[in-house]
Amino acid sequence: MELGFLLGSLVKIIAIMAYLYGLMWVLARPSIWIKIAGLIGAFAVVQLALTDINGFRLLNNFDNGLLFQACAMTMVALGLNLIYGFNGQFSLGQWGFYGIGAYAAADITYRWINGDARGLLVLGFGALLGTLVLIGINKWLQRFRGIPVLSSFTLYLIGALIAGVTAVYLGNQLNPLITPFLGTAGEPGPLNTPAAQQVIYFLSVILAGIFAAQISFLFGLPVLTLGSDYFGIATLGFTIVVNTLMVNSDTILPFPEMKGGRGMIGIPKLTTWFSAFFFMMLVIIIMRNLIHSSTGRSLVAVREDEVAAKAMGIDVAGAKLFAFVVGSFFAGLGGAVYAHYIGFLSPGTFDFLAGFNPLIIVVFGGLGSMTGTITATFGWIFFLEGMLRVLLSQMGTEAPTWRFVLYPITLLLLMLIRPQGLLGSVEWGFLKGPEFTPVPRSHPEPAHESAA
Amino acid sequence: METKPNGNEPSVLEIRGLTKFFGGLAAVRNFDLTLKQGELVGLIGPNGAGKTTVFNMITGLYVPTSGEIYFNGTNIVGLEPHEITRMGIARTFQNIRLFPNLTVLDNVRIAYHPHCGYTLTDGLLRTPRFSVKEKELTEQALDFLSIFQLDRIYNEVAKNLPYGEQRRVEIARALACNPKLLLLDEPAAGMNPREIIELMDLIHFIRERFDLTILLIEHQMRVVMGICEWITVMDFGQVIARGTPKEIQENPLVIEAYLGKGVTHAA
Chain A
1460 MELGFLLGSL VKIIAIMAYL YGLMWVLARP SIWIKIAGLI GAFAVVQLAL
1510 TDINGFRLLN NFDNGLLFQA CAMTMVALGL NLIYGFNGQF SLGQWGFYGI
1560 GAYAAADITY RWINGDARGL LVLGFGALLG TLVLIGINKW LQRFRGIPVL
1610 SSFTLYLIGA LIAGVTAVYL GNQLNPLITP FLGTAGEPGP LNTPAAQQVI
1660 YFLSVILAGI FAAQISFLFG LPVLTLGSDY FGIATLGFTI VVNTLMVNSD
1710 TILPFPEMKG GRGMIGIPKL TTWFSAFFFM MLVIIIMRNL IHSSTGRSLV
1760 AVREDEVAAK AMGIDVAGAK LFAFVVGSFF AGLGGAVYAH YIGFLSPGTF
1810 DFLAGFNPLI IVVFGGLGSM TGTITATFGW IFFLEGMLRV LLSQMGTEAP
1860 TWRFVLYPIT LLLLMLIRPQ GLLGSVEWGF LKGPEFTPVP RSHPEPAHES
1910 AA
Chain B
306 METKPNGNEP SVLEIRGLTK FFGGLAAVRN FDLTLKQGEL VGLIGPNGAG
356 KTTVFNMITG LYVPTSGEIY FNGTNIVGLE PHEITRMGIA RTFQNIRLFP
406 NLTVLDNVRI AYHPHCGYTL TDGLLRTPRF SVKEKELTEQ ALDFLSIFQL
456 DRIYNEVAKN LPYGEQRRVE IARALACNPK LLLLDEPAAG MNPREIIELM
506 DLIHFIRERF DLTILLIEHQ MRVVMGICEW ITVMDFGQVI ARGTPKEIQE
556 NPLVIEAYLG KGVTHAA
C-alpha cells in the first residue's frame, strides 16, 4: 500500500497552503521592512528544505520539480484569471502564449550556451523596437476618430513586421561582436560562466514575456471585437496554430534547433528556486496592485456590464486588450520558467487539450479570486502527481488512464458542491487590497424636506 | 417656442436634424433640441417614440444616420462613448445597469476611473500619490453615497439592493463621472409615490449643488410636470410639441399621441 505516500501528499498540500497563507499574511503587514523580511524568510524556508543537509532533504527531487511546475503554472493561471475571471473574456489562448514564452526563452539560452547571441539580440531589439513602434502607432492613431479596427490592425501589423525585420537585421549584424566571448558548448567563454548564464536566463524570461505580450496585442486587437464565445473559439484556434508551428518549427519555420515534433532538447536547466519564486512573486504583486487600482476596477466593470462601463467613461476595447496583453505577458513568463526547469520542450506539452488545465484551475479556484487561483494551482499539481504515484504502484501502466477518469469526477463533484469555486471570492491578507475605515457621516444636506 | 427665457446663456447641448434609421425604420427623424446651462428639460412620449434612442445617440452608443450633436460647441458625433462621458455627459439607464456583483462603493468608484488622479504606474508601484488619491476618491464616493442616503450600505453587493436603492446608486454613480450634463432615463420607473417625491427633491438638489444641466425621460407625468422647466414631446421618432409643462398639458397633439383621437381632455 502507498497509503503513506498519499498521506504524505496530503500533508505537503496542507503545508503549502499554510505557507502561502503565512506569506500573504506577512505581506499584508503595514511596515515595508516586515514585508521584505517576510519575503526573504519565505524564500529561505523553501531553499533550506531543498538543500541537502548531511544527506537529508525535506523536499526531494520529485517535490522540487512539482514546486517549480506549480510556480510556472501559477503565473499562467493568474494571467488567465485576469483575462477570464476579472475581465470576463473567455480565452483558451493562454496555453499558446505559455508555449510561445517557453520556446522563445529556451531559444535565447540554448543559442547562448552554444555560442550564438542572435536569440538574445533579436528578441531584445524586437522587444524594444516593437514596443516603441506599437506605442507610437497607438499615440498617432488617437488623433483620429472612428478608425475601423481592421485598419488600425493593419497599421500595427506593418509596424510590427518592420520592427521585427529590423531586429533580425541588427541581431545578425551585432552577433559577430559578441560571439568571441561566448565560446562553445565545450569551452565556455567569459560570458558563459554560470553567473552570466543566470543573467541571460533572467533576461530571456522577461523578453519571452514581452514577446508573448506583443503577439497577444496583435492577435487580440482584431479578435477581441468578437463576442465572448466567438473570442473563446478564436483563441482556441490560436493555441492550435501555435502548436502546429511548434511541430513544424524546423521545416516551415527557420529554427532547426527546436527540432519540430521531436522536441527541443539541451535547454540549460537554469531555473532555481530563487528565479521561480522571484517571478511568481513578481506576477502576484503586479496582479494584486493592478486589481486593487482604478484600472483594475475598470477591468472588472467591463466584465460586469460593458454598456454601463462605456457610459462610465471606460474605454472597453482598450480595457479588454490591456487585460489580454498583461495576462499573456504572465503566461510568457511562466512558460520561460517552465522551459528552464524541465530542459526539454515537446510540442505535445502545448497541445490544446492540455490548454484546458489553466482554465480548470482558474474555474476551480474561483473566477476573480487570486487566492483561489494560487492555492488551486499548488493543490492541483501536488494532488494530480500524488494520485499518479499512488495509482502507478497499484495498477502499473494503466494508471495514467485511470487518473483521467478519477480527476474529472473529482472536479465534477467539487463543481456541483461549490459552483463558485473552491474559495469563492475570499482573498487572503495581502491579496485583499488596501483597507479603509469609512468615517460615519451625518446627513448635513437633507435633500428631502418635502419627503416628510 | 424656440426662444427660451434665458436666451443669452450659452447652450450646453444643441442637437440639429438628428436622424437614426434601424434598417428601413426611422427610430428618430429630424430631432432638434437645445439645452441651456442649468436647465431641466423633460423628454416625453409614448413607448417606442424614440426617446431612449436619442439618449443612446447623445452618449455615443448609437451612431446617428445623420444630424449633429454639439456639446459645449464641439460636435460629438462619431466619438466613442467613453470619450463623450469624459467630456462631461453622464447618464442612467432605463433598465438599471449597475455592476451587479460589485459593492455599492465600487460601483461609484468605477466612475472615477477617467479622473482618478493617478496613473497605472502609480497604481502598480503603490506610490504615495496612489494612496492619497485613492483615499480621496473613496471619501468623495462616500460623500455622494451619503447624499443619496446610501452610505450605510456602501459594502453591500449591488444586485442585492431593493429597486429604489439601485436607482439611487445609479444616479450617484452618474454624478461621480463629474458631468456637466446629466441624462436621466426614467429615473422614477418602479418607484412608489413617496420615493417619487424624494426623487424629485433629489433631482432639484443635485442640479443646484453640482451646477448641472439635466435632460430627463419620464413616463410619470407627476415628475415631468412637477420639475421640468421645458418639455419636448416625441411620437414616432419626431418632435410633436415643445413648451412649458402647462402648454404641453393643453396641447391637443400631445393628448392625441398619448390617448388617441377623439378625447377632449387629458386624464
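Protein sequences appear in the order of chains A and B. The number in my numbering is simply the position in the first sequence, starting from 1, with 1459 added. The number in my numbering is simply the position in the second sequence, starting from 1, with 305 added. For glycine and all other residues, C-beta sits at the position ideal for the given N, C-alpha and C.
query	result
Rank A:TRP1861, A:GLY1538, A:ALA1790 and A:ALA1767 by C-alpha distance to the C-alpha of B:LEU416 and give the top, closest one.	Note that residue 416 of chain B is Ala in the sequence shown here, rather than Leu. Of the candidates A:TRP1861, A:GLY1538, A:ALA1790 and A:ALA1767, the one whose C-alpha sits nearest the C-alpha of B:ALA416 is A:ALA1767.
Whole angstroms are fine: how far does the CA of B:THR339 sit from the CA of B:ALA479?	22 angstroms
Rounding to the nearest angstrom, what Cα-Cα distance links B:GLY428 and B:VAL437 in this structure?	11 angstroms
B:ILE415 touches chain A at which residues, Cβ-Cβ below 7 angstroms?	ARG1756, SER1757, ALA1760 and MET1771
Taking a cut of 7 angstroms between CB atoms, which residues from the segment 1733–1758 of chain A lie near chain B?	ILE1745, ASN1748, LEU1749, SER1752, SER1753, THR1754, ARG1756 and SER1757
What residues from chain A crowd round B:THR390, counting only those whose CB sits closer than 9 angstroms?	LYS1769, ALA1770, MET1771, GLY1772 and ILE1773
Go ahead and pull the three-state DSSP assignment for B:ILE560.	helix
Would you list, in chain order, the members of the segment 345–359 of chain B that have their beta-carbon closer than 7 angstroms to a beta-carbon of chain A?	none
So is A:TYR1478 in contact with chain B if we call contact Cβ pairs under 7 angstroms?	no
Does A:ASP1575 come out as helix, strand or coil in the three-state DSSP assignment?	coil
Give the range of the beta strand (DSSP E) segment to which B:TRP535 is assigned.	535–540
Ends of the alpha helix (DSSP H) at A:LEU1614?	1608–1641
For a contact defined as C-beta to C-beta under 7 angstroms, what are the partners of A:GLU1763 on chain B?	PHE404, PRO405, ASN406 and LEU407
Identify which residue in A:PHE1889, A:ILE1572, A:LEU1881 and A:LEU1498 has its Cα closest to the Cα of A:LEU1729.	A:ILE1572
Is it buried or exposed, B:ASP490, if we count other Cβ atoms within 10 angstroms and call 16 or more buried?	buried
Would you mind working out which of A:GLN1548, A:GLY1500 and A:PHE1640 sits nearest A:GLY1827, comparing C-alpha positions?	A:GLN1548
In chain A, what lies closer than 8 angstroms to B:ARG478 by C-beta?	MET1771
Shortest alpha-carbon distance to B:VAL346 belongs to which of B:MET362, B:ALA463 and B:GLY531?	B:GLY531
Which residues, taken in chain order from the segment 1594–1624 of chain A, show a beta carbon closer than 7 angstroms to some beta carbon of chain B?	ARG1604 and GLY1605
B:ILE508 to B:ILE519, Cα distance in whole Å?	9 angstroms
At least one CB of chain D closer than 7 angstroms to the CB of B:PRO386: is that the case?	Absence of chain D from the displayed structure is noted, the protein chains being A and B.
Could you check the C-alpha separation between B:THR537 and B:LYS551 for me, to the nearest Å?	12 angstroms
What is the rounded straight-line gap between the Cα of A:GLY1883 and the Cα of A:GLY1645?	53 angstroms
Beta-carbon of B:GLY469 versus every beta-carbon of chain A: anything under 7 angstroms?	no
Compare the C-alpha of A:ILE1637 against each of A:GLY1514, A:PRO1727, A:LEU1580 and A:THR1568 and name the closest.	A:LEU1580
In chain order, what residues of the same chain have a beta carbon less than 8 angstroms from the beta carbon of A:ILE1915, not counting five sequence neighbours either side?	Given a span of 1460 to 1911 for chain A in the structure shown, any question on residue 1915 of chain A remains unanswerable.
Since A:LEU1407 and A:GLY1838 should fall inside the 8 angstroms C-beta cutoff, what is the C-beta to C-beta distance between them, to a whole number of angstroms?	Nothing can be reported for residue 1407 of chain A, as the shown portion of chain A is limited to 1460 through 1911.
Under the DSSP definition of a beta bridge, which residues are partnered with A:GLY1512?	Inspection of the sequence shows that residue 1512 of chain A is occupied by Ile rather than by Gly. Paired residue(s): A:PHE1515.
Could I get the ranges of all uninterrupted alpha helix (DSSP H) runs contained in the segment 362–448 of chain B, with 4 residues as the minimum, in chain order?	386–392, 409–415 and 425–430
Taking Cβ to Cβ, would you say B:PRO315 is nearer than 7 angstroms to B:GLY393?	no
Run down chain A in chain order and give the residues with a C-beta less than 9 angstroms from the C-beta of B:THR537.	Simply none; closest approach about 22 angstroms.
Roughly how many whole angstroms lie between the Cα atoms of B:GLY322 and B:LYS356?	15 angstroms
Buried or exposed: which applies to B:ARG473, given that a residue is buried once 16 or more other Cβ atoms fall within 10 Å of its Cβ?	buried
Look at the alpha carbon of B:GLU470 and the alpha carbon of B:PHE404, and state the distance between them as a whole number of angstroms.	14 angstroms
Buried or exposed: where does A:GLN1632 fall if 16 or more other Cβ atoms within 10 Å of its Cβ makes it buried?	exposed
Going by the DSSP bridge assignment, what does B:GLY347 pair with across the sheet?	B:LEU521 and B:ILE536
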